[in-house]
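Heads up, the thing below is written out as structure tokens.
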């Protein structure tokens with residue numbers, strides 16, 4: 001039995017080696033790097049020493065092996081990573097600007113990432129202490145949504161918690177279907193992990209204070225809002241109760257920092273730490289993840305993170 005599980009897209013990331021180079025122009029790339037929000041999260045969890053697993057799908061190709069080799073090397077249970085003979089592994093091409101913004105081109109909708117089978121027997125998830133889901137996984141297709149919904153039910157029945165990162169991509173602003181897709185997860189969410197203005201986008205409220213109050217009225221009493229280099233803040237029962245500053249590091253690649261932060265929150269919560277301890281730790285996990293090129297290349301083990309915190 002794994003302590004932590006996640007579900008969703010597995011892909012490789014291929015990125016520009018220089019900033020300010022449009023994806024439309026010929027230039028150099030680096031990669032492939034294992035990626036996908038669920039994969040980044042679970043890799044960070046594994047590095048912290050928790051037993052964990054992932055449900056996903058890759059192609060029978062070199063990029064698929066890139067992903068599964070990395071996940072298994074880091075100790076992640078991959079028995080339910082399915083391999084598609086019909087479709088290739090998902091890909092994301094990314095370029096960065098000097099201001100920190102990014103431009104992505106995804107090969108996802110017709111990739112193996114959408115090939116996670118359903119229905120499957122989820123008895124292996126009974127006793128799981130935490131299920132973490134990303135909003136991007138709920139936008140893939142109907143069968144993966146149903147898989148996520150059933151996983152929520154299984155974990156909650158067993159006394160585990162559900163953490164949820166809305167991960168609202170800009171393209172979702174064009175299609176409001178996601179509101180209905182997120183609902184069955186939000187109503188069972190124990191810890192919501194939004195970034196930036198996602199509370200306002202989720203609730204339609206003009207500010208985060210009113211938004212977290214609305215979420216509390218809907219049954220979500222714990223909201224941890226990520227604020228990048230500025231750290232994070234905790235809202236309990238609709239009221240801000242903690243604000244924890246971030247760590248200053250030399251940022252090489254910000255991709256996946258929020259997913260690694262989420263792993264830090266889950267770890268601290270399962271250890272029974274105070275919220276201040278948990279949030280400072282999560283800030284450190286997220287900050288260190290940005291110090292290497294590649295979404296998973298900056299994940300660190302527990303000892304390294306604690307040493308970083310002690311000297312900072």
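Residue numbers (the numbering used here): 1 to 312.
Every residue, glycine too, gets a C-beta built ideally from N, C-alpha and C.
Rounded to the nearest whole angstrom, the C-alpha separation of residue 125 and residue 24 is 43 Å. Look at residue 61 here: in three-state DSSP terms it is coil, with no helix or strand label. In terms of Cα proximity to residue 252, the closest of 291, 56, 273 is 291. Taken in chain order, the unbroken stretches of beta strand (DSSP E) that lie wholly in the region 45-103 and span 3 residues or more are 52-59, 81-84, 90-96.
Per DSSP, the beta-bridge partners of residue 5 are 53, 131.
Bridge pairing for residue 242: 234 [DSSP].
No Cβ-Cβ contact shorter than 8 Å links residue 225 with residue 184. Under the rule that a run must span 3 or more residues, the beta strand (DSSP E) segments found entirely inside the region 139-166 read 161-165. Burial is judged here by how many other beta carbons sit within 10 angstroms of a residue's own beta carbon; residue 105 has fewer than 16 and is exposed. Residue environment: residue 296 is assigned as buried (16 or more neighbouring CB atoms within 10 Å of its CB, all protein chains considered). Under the three-state reduction of DSSP output, residue 268 falls in the helix class. Between residue 83 and residue 64, the gap from beta carbon to beta carbon is short of 8 Å.
Judged by DSSP secondary structure, residue 201 falls within the alpha helix (DSSP H) whose first and last residues are 198-203. Nearest to residue 74 by alpha-carbon distance, out of 80, 94, 44, is 44.
Taking all protein chains shown into account, residue 69 has fewer than 16 neighbouring C-beta atoms within 10 Å of its C-beta and is therefore exposed. Counting the other Cβ atoms within 10 Å of the Cβ of residue 79 gives fewer than 16, which makes it exposed.
Within its own chain, the residues whose Cβ lies closer than 8 Å to the Cβ of residue 61, once the five positions on either side in sequence are excluded, are 88, 89, listed in chain order. Contact check for residue 40 against residue 190 fails: the beta carbons are separated by 8 Å or more. Under the Cβ criterion (8 Å, minimum of three pairs), the region 97-116 counts as touching the region 7-21.
Between the C-alpha atoms of residue 249 and residue 287 there is a straight-line separation of about 7 Å.
Excluding the 5 residues flanking it on each side, residue 213 has same chain C-beta neighbours closer than 6 Å at 238, in chain order. Ranked by how close their Cα comes to the Cα of residue 154, the residues 306, 305, 5, 312 have 5 in first place. With 16 or more other CB atoms across the displayed protein chains lying within 10 angstroms of its CB, residue 165 is buried.
Put simply, of 103, 308, 49 the residue whose alpha carbon is nearest the alpha carbon of residue 92 is 103. Distance from the Cα of residue 49 is smallest, within the candidate group 28, 242, 76, for 76.
Contact between the region 116-131 and the region 16-32 is absent, with fewer than three C-beta pairs closer than 8 Å. Contact between residue 289 and residue 268 does not hold, since their C-beta atoms are separated by about 16 Å, which reaches or exceeds 8 Å. Residue 308: member of the alpha helix (DSSP H) spanning 302-310, first to last residue. A distance below 7 Å between beta-carbons, with the five flanking residues on each side excluded, links residue 203 to the following residues of its chain, in chain order: 211, 214, 215. Contact check for residue 228 against residue 283 fails: the beta carbons are separated by 8 Å or more.
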